[in-house]
Every structure is written in structure tokens, then in C-alpha cells.
Amino acid sequence: MKQKKNDLLHSLKHLVRGERINDGWTEESPRPRDWESVYRRRWAFDKIVRSTHGVNCTGSCSWRIHVKDGIIAYETQQTDYPSTGDDFPDYEPRGCPRGASFSWYTYSPTRVKYPYVRSDLYALWKEELKQADDPIKAWENIVSDPKKRAQYVSARGKGGFVRGNWKDVCQMIAASTIYTIKKYGPDRIVGFSPIPAMSMVSYSGGTRFLSLIGGTILSFYDWYADLPPASPQVWGDQTDVPESGDWYNTKYFIIWGTNIPQTRTPDAHFMVESRYNGTKVVGVSPDYAEYEKFADMWLPAKAGTDGALAMAMTHVILKEFYVDKETPYFTDYVKQYTDLPYLITLKEHNGNFRSDTFLRASDIGDSQELAEWKTVVWDESTKTFAVPNGSVGFRWDKSNKWNLDLTGENESEINPLLSFLNEKDSEVMVEFPYFSKEQGETVERGVPIKKIKDKDGNELIITTVFDLMLAHTGVNRGLQGDYPSDYNDADRPYTPAWQESITGVNRAHVIQVAREFAENAALTKGKSMIAMGGGTNHWFHSDQIYRSILNLILLTGSQGTNGGGWAHYVGQEKVRPLEGFSQIAFANDWVKAPRFMNGTSFFYFATEQFRYEYNFDEVQTKWGSKYTNMHPADFNAMSARLGWLPSFPQLSQNSLDVMKDARTRNKDDKAVIDDLAKQLADGKLDFAIENPNDPRNFPRVFFNWRSNLLGDSGKGHEYFVRHLIGSKDTVLSDVEQSWQPKDVNITETPPEGKTDLFVSMDFRMTSSGLFSDIVLPAATWYEKQDISTTDLHPFIHPFNAAISPPWETKSDWAAFREIAKQFSELAKEHLPAQEDLVMSPLAHDTVNEIAQPRGKVKDWRKGEVEAIPGKTMPNFNFVKRDYPNVYDMWITVGPNIKNGYGTKGVKIPGDKVYQSLLDRLGKSKQEGVGKGYPSLYSDRQAINAILLMSGATNGKRAVEGWKSLEEKTGKKLAHISEGREDEDFTLDALTIQPRQTISTPVWSGLENDNRRYSPFTVNKEYHIPWHTLTGRQSFYLDHEVMLDYGEALPLYLPPINRGPFVKGEKEIANNGKSITLRYMTPHQKWGIHTMFTESSHMVQLFRGWQVIWMNEEDAAEIGIKDNDWIEVYNRNGAVAARAVVTYRMPRGAIYMHHAQDRTMGVPANTINKNRGGTHNSVTRIYPKATHMIGGYSQLSYGFNYYGPTGSQRDTLAIVRPLKEVDWLEN
Amino acid sequence: MKIKAQVAMVMHLDKCIGCHTCSVTCKNVWTNRPGMEYVWYNNVETRPGPGYPKSWEDTDRYKGGWTLRNGRLHLKAGGPISKLANIFYNPNMAEMDDFYEPWTYDYQNLIKSPRKENIPVARPKSMITGDYIDKPTWGSNWDDDLAGGSEVVPMDPNVQKLQEHIAMEYEKTFMMYLPRICEHCLNPSCVASCPSGALYKRDEDGIVLVDQDACRGWRFCTNGCPYHKVYYNWNTHKAEKCNFCYPRTEAGLPTVCSETCVGRIRYIGVLLYDADKVKEAASVEDPKDLYESQLSVFLDPFDPEVIAKAEEQGINRSWIESAQESPVYKMAMKWKIALPLHPEYRTLPMVWYVPPLSPIMSHITNESQLSAEGYIPAVDDMRIPMQYLASLLSADDTTVIRKVLLKMAAMRVHMRAKTVGGIDDMKKSKLLQEADITIEELEDMARLLGVAKYNERFVIPTGRREMDEDLHYKQGACSIEDLAPPEGMVTYPFERSEGL
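As you go down the protein sequences, you meet chains U and R in turn. For the first sequence, this note's numbering gives the first residue as 1, with consecutive numbering after it. For the second sequence, this note's numbering gives the first residue as 1227, with consecutive numbering after it.
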């Protein structure tokens, strides 16, 4: 038996000599090694909890949170993902250094542990509450007194928080909300929270509350400019992309402006590993980006010129694989799945022709239902017209023929003709827009045409989209006109030599890559893939850049095939359990028609950025255009008026009062609608968007949760600070010198500090928190329950609480429950139930998408058309607002579910679902309108409700969804998911092991048989139409505004090179050296948005914050060395940072990585001695009119689906040394 | 023949995405505490670049590793006599500025700032002095992705050596990542450097550790290790280093850095070697011969004689079988695609590296030059100069590097031919010949490098606790020994295995 350890003897043991081996070189020591238990104890813990990170990075990784001695000690990744198959790389382990450092936040010094209130406001509130003894009156007394209001508004962002408690603070929030609803209307309560997919229950807490009270819910995906507008334009779909595992299936992978290793870290290995399976990888990027390390070739295209590169590749592919020789796989594909064979009418223009709209069945005297919405091809076999199934007319004509079968009437086969070249009646000169240089030019090229008679006997000149594409891209087939002579013709678009002068990429490489890409697709039937993202998407002309790149995908038949197609990775939109989520998040179970507002337009007006517009040169270009010279604010107002885009706040008048008033005149709903339409048409009601400076239309109460709007996504940050917040800003532009709108009413000086109460909910102190009036303490991702999904993989990941919410923190769900409770209690006395008017735009995937024939712009205000709600103007919906019962409704699932529900045109019957919800969630025992209904009180109940109601997570719902699509398409579909009908995911099941989602018609990729998700495989394999005008993938867009802009076909549009200041503006004095550079904000390596950048590890793994990357020769020009202080500014604002100098960056461009936030290590600028700013201090919003059109098939509004994007890459800024570092400690 | 088992690692640099997840998970578990702020057992370096600590490969300055004098191995920093002479002052040690001065921010100011005229900020603060600093000036990964450019890159000793091969300009940019942990060498110079005998190499698995009871904080190990992977904890005044996560490997789990590596670049397996040949292998004259001489130390785990001998010496079946399945054995010994880092240090390092492929130089404009095999570029046109890789991994012998790259390229060409076709057979067979490898081997390689399932990447037998005494006692008492002193316990008779 061993004796107790004797420390002295133990320490002497090392003197004992051991056996010597290895020629006496090595000694084998007998020394005891008890000390080794020290490290074993460190690697020991109480439990492991499965959770994830609710951050908008698309990662959605499953993590093991190790709890040791009751403390969250460290996290490592889960490795138990279901296998992808025997001969395929698995998903484990997913994660990144950012996520791995997250545990820091729980106990960090930046943790928000208690509710905080701005001291100036809290003092006023307590005083008024004492005086008035009525919270609503107290709030009124503060905000209606200009002096009192100014006292706390001007204090924003300047420190001075005091601790509050949940009850008081929620009472203040409820009082301000009720006051605002009564005084101005519910749509002045605004909420911003992005990316539900990353934590959908936390998102839903707030949006459910806002939906019940009639508040405005802002979109994010378009606002972030992560939405690729090209996706709805080409496919009628928001965004649908392959899961990362499918990268392993591709055989030719072009990575084009998305930094996969840096920003898709958990999944980059699939790309790397595919190379060992014989895949070629090509990288396109202006800098030597991380992904170039894995490329076989680097194409260093100058920033923003990607469209030119893609157009030249399009030229090569069309020439070599369509004209020089035919490639049967490609030809068959484009005939069935794209609009290339569809017929376009040409119209005369100054002696030449221009392409116009699609030929419709109605044009050729075909009298079937909705013939005006049915597009036409020329049948090669019968030598006459044919109207194939599947165009949008078939979607709404109840004929069960909304499918891609190439059959006409009487089930006859159609063989669409691609080109009239061999059957032409003649050849005409068509003018194509050419905008590669500053002014719009035109190029004239011969196109083969047919002449036909329309139903009225008029002559129509027609051609195919394919013939137009060949002429437009300069591929000659012996036709007249300004065609290039060969690839080396540098003067004519769109040759490889032509692109070389724009992109700087060697023409031989362009030819080689285009050729290989197509050859590979022909050999593999479409396994050619292009990954794209922020680098190509965050531009003003993102849609055209993307459409040009998508040419390559569509022309090579690569879309709808595993291992092929586009792969867009920036932003996170994919809520896999979408059907259930939409009900819970937007309270559709109780009330319909939430106020969905597109973020870009909202912020454009709310932060007055429209007042600082650039003044376009109004010289008419040769191409000419009616709409490019319209002020974006005027265009946006028109868009709202015509029912294209939403517009909230909607009317200058309170929508509750408007309804009350209208009901005094009419009881009948139809009559009320007519009455309201007339009032609008007569100008008795005013659109709020046309009166943004009217104090009635300010966003009065603002909720910001799961978001750092002011330190991160707020483009035009300084305008936010000045106009929305009212704090000290660094706006350097001049309203006097800016372009002002004509139809939008403005005051002389734009208003400042518009919002009455800005509320943030967070677990850390960000810029948003610093500018807020109230900061509520949130539970972290390791302290609550929720679920997360992504398009990068097919699993649903749960959040679980490793520890209970510490200090006074609450989950977002519980926090909004508390707010709803306080609200209802006050409402019982102050805000009775009443009727609300909600005006919503003509929505995609509803019958409203065929509201405006041929996409003609007809304005009822100008008398061009009658004002008809739901047709020529927005829809009018009447909603009962039961304010005293908001809390009871919030915590229960309402009875609307029984009537069935769905999304994207997919319907799920509701009776059975409702019964199952009662069983799973239990009945609510709370007295009131929700008693006996399924309880939604807890986070867990909300999660299980979403899972049970959605096809991706419940096999029965999936099968029901497919059945509903069978009715529309006349296709057998239910079998797709029947094998998984019994699967039923719950939070507990997902916590045991991740599970792969089930195929549902809400998404376009097939997932059965452990198949990797690839979008549009459903469309290709089951002949389900895309949600577009022709039902096919679109090359051609014929809306009037598209034609006017010259953007009917994909083309190259250069980045906007507007100077740092505009003419006439007072510039900042600059005595020393400075340089003007393109300013870009790609995603960073040491944080996701502003998240993680504070954590100690992320700070020290690079250089701390904030920094800007620049080329070393540019730096040398202004005397800057590595790590020197610099300031960057333009008319929008200024930012102080340190320079990271390198030769890896191209000349002429700087990267200030998105979003470092200004909270750490940021001194004052020298311009106005303001601290700052953020990466968005020098950016601003540039809305593009073509994103604002609507009411027309795929060009119809959808929340986060279509609408102007908040692009920010087209920015030039001045860089100079920051001569003195002032920390503003006074 | 004295057979020993070593748990070793391969890092496949071609797969490394430079994300630093390994660094963070390692730090959270092992060095997230006072005294160790600046310590990264695992770090990832962008190359070309000076690494962490700054220019650690400058062995003239730090005097790490071994040198050969008159055919005999000597510590470069000097033997016991010179150690004694310098015991209170070690002139070769890296200083704080070579690592970096750790910093934090005054975060509390964001919440607690009183009402002021400007938005509050968290200013940077030194973690050493607690004072505000204007800005950090160096860090463990200061030059990530070539940050600092031609101001920083020339601090890389390999660059200094190869100036004529390396251009620091936009068009010719190249970069790669080099993740580093302790090499757990067969001939560890840190162990030999310690005046207190506190460092040792574990008998059963070769993991090199610093005994925290025995360390006296002399710090000769910190620069005695040419890889600079032993660190000084200023709080305990003792040295600490990567422990190869032995609490995990003993349980059959991979190290934290390996399991959490999302690039899936790391492989762990057992190697059997002849401990009696270590000294000889480290003592060959020409540094270029060190790679082959190191390989000669390892034993074929399929050789019946080796198996018999190993069993005789107490290495059991599961360890022998693990050695047979070892991914490290396959990559380092069988296919010879994994190479030791700086073999010229003569420590016989046990973390092996597969060199990276890289894009071709796009200033090659002649189309025929571009595509020797159609889709996969030829190894001689690549951006990372072969000399640079040779400086890291083969004591400047570029033929070794070229051979590895040819094998990797051949694997890609073959797999493309197999999955797509469209590749000229004649050219393919020429490539195979030049790479000196069979199709079967290429397919095995593609499987291990590409598909790489968890259980193929990590083949780790559990620790041999059955070799301990008092297992019955430990079953009930482990980690609460203080509450359960063994005195007076009646235990069951326990037979230890034969041969011990």
C-alpha cells in the first residue's frame, strides 16, 4: 500500500538517475508524474450544452458549450452532424475563430447586465410621472414640450446612462407607444431586427408585438444590399443557393467576389477538398484575397468591373458553344428552361429599332384566359406560334397547366425555335444601349426578324431573345452592323480585348476560363458553379453585374443541377421552417396584413438622405431616358403611390382616425375602400412619403434588437445621427448644393432628432446602445433557447441555455412579452380596440402580380388611369386592433391557423395542425381572449410551434405542401417527401443530434436520399415553373422602366465615380498630402458585423480597432507608413483609423472592413473634432429606380425579396494622415 | 532496437484556410488566464512573414536547437557550463516586444461614462502596465494576410535568405499559412536546455511536457527550443507549453486544435520508431540529408519483426494497430508528402507539413504554357517559390518539394480524369511517371485528403492506464484523492502485464 506523498522525497526524485538508451543520449526517468493531473483537471467539466451563435453570418454552427464549476468555460465544435454519405466529406466540425471566442461575452466588461436609461430622460420621466400620475400624460408632457424633448435628445450618444428596472422601463416604453398610436397612428412605431434565420424566436418576439399593434417592421436583406435583385429578376425568387456541401459536387468552381475562407469559414473545406477530387478553381478578386490561395488561376479584375469580365465570357461562350458549333446539351436546356426562345417585339426608334416587350398570346388573337400574361415562342416543327405552359398567366388562370412541359394546346409537342437566322423575313438594325463610358451611347447591330400581323392587322416585327442576345453581346453571324471583328477587337463590346482595358485581366485568361467553364458544363451536364457575394453584389448596379455573371450559368445549363449554378453567399435569408415562422413572427394567427416596410426607402427618408442627393448632369444621353432624371425620392413616392413599394408611415393622417371617419360614412367594406381611394385621389389624404418633413410622419418610437443599426448597417451613418437621433454628427455635405425632389414636400431645413424614443436590446454596449434612450439587457446565445437555420447547410440548430440568464438579462422573447404585458395593461384604460387601415403593395406570388399589364407605368394622379386599390394603387386592408388584448394574443396561437396558412403560394390545411399545437404546446390558462388556445408563453413553445407548422421540419406539412402545388401544376409531387412523412422535429430532438431538413415546395431544392441541396432542382426535374413572367429563367426584362434604363438585357455598367464632394460644395481645407480612393467595406476576418470585434482574442489576433487596408504605394504617396493614423472623409462624413499597408491590395482602393464599430480605440477626426466615425460614416444610400418597380410578375414587391438595396461600394473618399490623436477626454 | 510510440500530427497546409480557429479554441482551454495573455500554444502565421515571436527562425539570434560540431550534437545556445555562466542573464531570449505587449480596452467606459460632450470610447490599455496606450504596435498575428507588406515581410528570415526569388509586388503576390504548435520532437533541445530537468518526453506517447512542480523558471527552454514553443508564465514564474492535449489524447480524443480545425487540415496518428537511432539520425553531416535520416528512424508497423519486438517491449496490440492505421504514417512515410518543419534544427520534429499548392503566376501569358494538363496547372509555374517551401520544409532541397507537389498535382489530374474525363491520357501517364506514384496510391491519397472522415483523420488509442497500480483505488478516488487517502485500504490483487 502506497504511503501518502512526501513532498520532500518527491522533489528529490529527479536526482535519481534513470536508464540510459540511444547510445547514452537519452535517459528514461522513473520520476513520478503526479503533477500532470493539473491539466487533466482543466479539461474536466460539469456538462456540455448544445448551442449556436445567433449572428448574421450564415454559419449556424453547432457548438459544445462546456460548463465548469457553474461557469461557461470554453466552447468547441460539435462533430455529430449526420453523415453526408460514405464517399463524401462530412460537415464536422463547423465553426470559426469568431464563434470560438464568443464565451468571452458572458462575463465581459462590455456586458449589459441591467436596464439602462439616459439620465436626462429618466429624471424627466420620474418627475412627470409624479406630477401627472398617468404614464401616457407624463410622456406627452415630455415630448410635446420642445425644451424638455431637446434636453434628452441632445444628450444622446454622450454617455450618462443610469440603471433602471424592467418594470419602470417597460412602462415608459408602453406609455410612449400608446401615446404615439393615439396621436399619430400605430405605423410610427418602428422596429428593426435583421435575419430571423439566425435566431427566429428572438426575432419573432418583437415582430409579433409590432404586428399585433400595427407597427412598422423594417426589412433588412435588401437594406443590407445582400439581396441580389438579379435573383427575383431572373428567377422570381428571393435567393436560393446550394448548401456548401454541394461545392464538393462541382467540377469547375469560379469564386467571384465572395471570400469563402474568410467569411464562410466553417464550410470552406468543401471547396478545398473538391480540388482533390479533380475540380478546377478560379478566383476573381481585385486584391489577392484569401480564396486566391486555393485558386488555380487568379483573375485580378479591378473593383466593380466584374460585369465587363462576365460579358466578355458571355461573348466567348455564345460564340464557341452556340454559333461556331452547337452544343446539344446547352441548346436543349435553354429551350426548355430559359426565355431565350421567347419572342420579343421591336419598335421603331429614329429610323432604327429597339427591342420592346414580350409578344403575348393576346397579341396574336389567342383568346384563352389571361392571354395578356402568356408569352409566345415560334414552333420550329409547325412553323407557327405556340404558347407553352408555365407563364404567369397559367399560374392564375386555374387551368392546372402552370408547368414547364413544352406542350401546347391538345398536348402537342412544341419545339421552340431559338433563332430566326435561317427563317428570317429580313434583317433590321437594332440599337443596343452601351454605357461603359460616362455617357449613354448606342451600338447598332443587325438582327434577323419576322414580320407578322397582330390581332388588329397591324404589322409587328418580332425576333427572339436569343437573336437579341447574340447581337447585343457582339457575336456576329454574317449580319450587318457594328459587330467586332474578332476577340482582339478592343473597341467594340463585348470582346475579351474590350474587357481587358476595363478590368485589367489578360484576354487570354478570359478566353481560357470561359471556354473551360463551358466545356466542363458540357462534359458534366452542368457541374459548373460560380460563387458570388458582397464583392460583386454590393454595388449600385449589382443587378446588372449579377445578371451578366448568371449568363454564364444559364447558357451552360448549369442551374438546377447538383454541383452547378450560382452560389450567392452574402447575408442570411433562409428561414427553413418558413411557413410556421411567418405565422408566429407576424401574428398571422390573429391578424392579417402586417406593415412590412422596405428598409432602404424607410431610412432614405427617415434620415433625410434624399435631401443630400447628387445632382445628375441633366444632359440627355444618346440612349435617352425618362426615368433616370427623376429624383430617387420622387420615383420612390411614385412607386408607393402606384402600389409597387410599401410606404410606412403610410398617410400623414392617423390611420385609426381615417378608418373611424370612413366608417361614419359607410358600413360596407367595398364602399369604404372606394371612399378611401377617392379621398386619396382627391388629395384629401396625404401619403406620408410625400411629406417626410411633416412632424406627424416621424418615426416616433424605434425598437432596435438583435442588431447594431447605428454602428453597423446604417449606411449614411452621420445622417442617421443628425436626423434620426439628433446627436453630434459629421455630415459634411450641403443641402443647398444638393439635388432636391419635385413631388416630395420639404421644409427649408431638414428636421433633426426625429425619433422620440430609441430602444435597444443587447448583451453588449455598441454604438446603437450608446445612442439609445433605453438599453435593455439581453440574454446571450448561451443563455436562452431558440433555433437557427442557414442556406449553407441543411440542419436546424437549437440554442440552449448553458446557464440561466444572469444578472437582470432576459431572452428577447421574454423581454417583448414583458413589454406586451405592460402595453396591454395601460391600453385597457387608454387605448380601446378599433379598426386600422393598412395599405400594402401589390405582392409577388399573389394574384396582384398580374395587376399592371405589360409593365406600363400609369399614374392615377396624372389621370393616366383610374385609382383602383389592388390594381393601380396599393391594396387596402382593414384590421381590427384589439389593443387591450395584445398580451393575451401574443402568448397564444390564434384561431386563424384553422383556416389554413402558407407562403409563396404554398397552402397547408390548418385544422389538424391546430389540434397538434394544442397537444404539443398545451392550452393557455390565462384568462382572456386566448384562454384555451395553444400556449405560446415560453421560448420553447414558440420553437416547437414553428417546427410543427413547417414542411422542412415536419414531414406531414411537407407532404401537404406538395399536394397544394399539385393542384396548380397538374404534376405528381407529393411522393417527393412521402418517405419522410412521419418525421417530426422538436427542440429536444434537435438538441440530441442535428437533423437534415425535409424537402418542401417552399424551397426549390431536392433533399431526399441524402442529396445535397441545390436550388431549382425541383424546377428542372419536376417541371415546376420559376415565378417569372415566362415561367422560365429570364434573360430579358420588359418592364417599361427596364426598357427605359436600357437594362432589358444584361450589360456592363461601370461603378459610379462620383467625387468625394459635389460641385459648389464647400470642401474641407487640405494643406498636407491627400489621395482620393475607392472606398469599400468587405466583410472582415475578426468579427461578423460588429460582433466579436470586441472580444479579447479577436482584438489581439490582429491589430485592435479600427483599421483600414491600403496599397503601400498609395500610402507612400501621402507619407503613410504601416500602423499610422489616418482619416478618411467625403461629403457624407469622416472616420479616423489606423492604416494597414500592404502590396496585396491593388492601387486605387481601400478596404475598411465592415463593421468594426467606433466603440474601441477611435479618436477624434480633425475636421470637426467629433469622434469617429464608423465604416458607414463616409457612405450613403443610393436607391436605384429599377429596384422600385412593381405590380408586374417577378418584379413585384416581397418583404426582403425585391426593392432598392442599400448599396455602398460606389464611394470615393479622401485619405490623409491624421496628424494629432485627440481622445476627447474633456 | 528500442521501440517507442509517438503520437504525431500532420498539418496539410494546402487545406489551411488561415482562420485561426485552432488558436482560439486552444487558448480558451489552456492559456486564457493571467500570466499567459501573450501565449498562443497554437498560432497561425501568414507566410512570407516574420511569425510569432518575431523572426523566430533567426537561429543566429535566438540560438535555438542543435548544431553539429566535429560530428557531435551540441546545443546551439551552449552546454551546461555556459548555461551556468549565464543563469541570471540569458542574452538570447526573446523579449516582450518580440512576442507583443498584450492589450485590452477600457470597455467599462462605454456603460459608465458620465454625461459628456462626445460619444464615449473604450481606449486601448496595456495588459502589462495597466496604462493607456495610443495604439498597439505589434501582435501575435500582426502581419495577417501580408498586413504590413514590404515593411514587415522582409523580417522573415527565409525571405532574407531568398531575396532573389521573392518579389513583394501586387502582381506577384503569394501567401500561405503556417499553423504551429510544439513539435514534440524526438530529439528535443528544450529538454536538454533545462538546468532543472523539468522538461521531459513522455515514455508512452512522446508528448513533451514541463513539470510544473520541478520548473524553476530559468527560461533556457524558451529559446533552447528553435521553434520558440515554450513560454514563460510571468504569473507563476514557470515555463508552460503545448501539452498535445494529453488529457484528451489519453481518452482517445484528438487535440483541441485538431478537432476544432474547420479546414480539417490536421491528422493525428501513432508512429513507431527506434529510440536507439535518434542520436545518429540527428547527427548526419549535410542538413539536406536530415529529412531522409529522420525517416529512417521510423519502423514499419506491418513488419512482423517490428510487431514482435514492440509487443515484447510492452507496446500492446491496439497501439500497434493504430500505428498501422496511422494517417501520419501514410502521409509522412508511405507517400512522403508530409515533411518536417526545419529539419536542419536537428530536433527531429514530430509535426509534419504537407506543402501547399498555389495559383499559377498569371503573368504567364502564353496559352500553351498555361495548361500542361488542361485544367490543372503545372507545379513549376506556381506562385509560392519552391525555394521558399524548401527553406521551411526540406533544408533548402527543392527536389523534395517538387516531388510532393507533383504527387498532389497528379492526384488532382487523375481524379479529374476519373470524374470528368477530357484529359489527355498520354500527358497524364507522363505526369504519373514523373511524380513516381501509382494510381492506387493517388486514390488513397484523394480519399484521405479529400473525404477525410473523422475516424480516418484521427486514429488515437486510449492511454495505457492499465499499466498503473491501484486502479481499483483510483476508480473511486480519482480527483478527490485528498478526501480519500489510500492508507489502510484493502485492495484486490492486481497483476501487471508481462514484461514489466
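Cβ atoms here follow ideal geometry from the backbone N, Cα and C, with glycine treated the same way. Owing to the predicted nature of the structure, the values given are computational and were not obtained by experimental measurement.
Which same chain residues, not among the five before or five after residue i, have their C-beta less than 6 Å away from its C-beta?
i	result
R/Trp1364	Tyr1326
U/Gly1198	His844
U/Leu1287	Residue 1287 of chain U falls outside the range modelled here, since chain U spans only 1 to 1226, and no answer is possible.
U/Arg980	Gly955, Ile998
Keeping to the same chain, check which residues put their C-beta closer than 7 Å to that of residue i; ignore five residues upstream and five downstream.
i	result
U/Ile72	Ile65, Ser103, Thr106, Tyr782, Ala802, Ile803
U/Lys424	Pro448, Ile449, Lys450
U/Gly970	Asn400, Lys401, Asn403
U/Val1221	Trp1125, Pro1163
U/Glu1040	Gly855, Lys856, Val857
U/Glu978	Val959
Strictly under 8 Å for the Cβ-Cβ distance: is residue i near chain B by that measure?
i	result
R/Val1482	No chain B is part of this structure, whose protein chains are labelled U and R.
I'd like to know if residue i contacts chain R, where contact means its C-beta is closer than 8 Å to some C-beta of that chain.
i	result
U/Gln1100	yes
U/Gln1106	no
U/Thr524	yes
U/Ala471	no
U/Tyr728	Correcting the residue identity first, residue 728 of chain U is Lys in this sequence and not Tyr. Chain R contact via Cβ: present.
U/Met313	no
Quick one: give me the first and last residue of the beta strand (DSSP E) that residue i is part of.
i	result
R/Pro1350	1350 to 1352
U/Met761	757 to 762
U/Ile1214	1211 to 1217
U/Leu218	216 to 218
U/Trp298	297 to 299
U/His66	63 to 68
How would you write the range of the alpha helix (DSSP H) that residue i sits in, first residue to last?
i	result
U/Gln77	First-last for U/Gln77: 71 to 77, but that is the beta strand (DSSP E), not the alpha helix (DSSP H).
R/Asn1269	Not the alpha helix (DSSP H): R/Asn1269 falls in the beta strand (DSSP E), residues 1269 to 1273.
U/Phe602	599 to 606
Would you say residue i touches the ligand MN, meaning its beta carbon is less than 7 Å from a heavy atom?
i	result
U/Ser285	The ligand MN is not part of the structure shown, which contains no ligands of any sort.
Just confirm the distance between the C-beta atoms of residue i and residue j, as a whole number of angstroms; I'd bet it's less than 8 Å.
i	j	result
R/Lys1503	R/Tyr1267	Their Cβ separation, rounded to whole angstroms, is 29 Å, which puts R/Lys1503 and R/Tyr1267 out of contact at 8 Å.
U/Leu1101	U/Pro115	33 Å between Cβ atoms; not a contact.
U/Ala867	U/Ala681	4 Å
Consider the Cβ of residue i: report whether some Cβ of chain U lies at a distance smaller than 8 Å.
i	result
R/Asp1730	In the structure as shown, chain R starts at 1227 and stops at 1726, and residue 1730 of chain R therefore has no counterpart that could be examined.
R/Leu1657	no
R/Gln1232	no
R/Leu1596	Any reading at R/Leu1596 is ruled out, since the residue's pLDDT is 39, under 50, leaving its predicted position unreliable.
R/Thr1591	Summary for R/Thr1591: the model assigns pLDDT 45, below 50, so the residue's position carries little reliability, and this model does not support an answer.
R/Met1187	Chain R is shown from 1227 up to 1726; residue 1187 of chain R falls before or after that span and cannot be answered.
R/Met1612	no
R/His1246	yes
Quick one: what's got a C-beta closer than 8 Å to residue i's C-beta in the same chain, skipping five residues either side?
i	result
U/Pro994	Ser62, Gln78, Asp80, Tyr81, Pro82, Phe795, Ile796, His797
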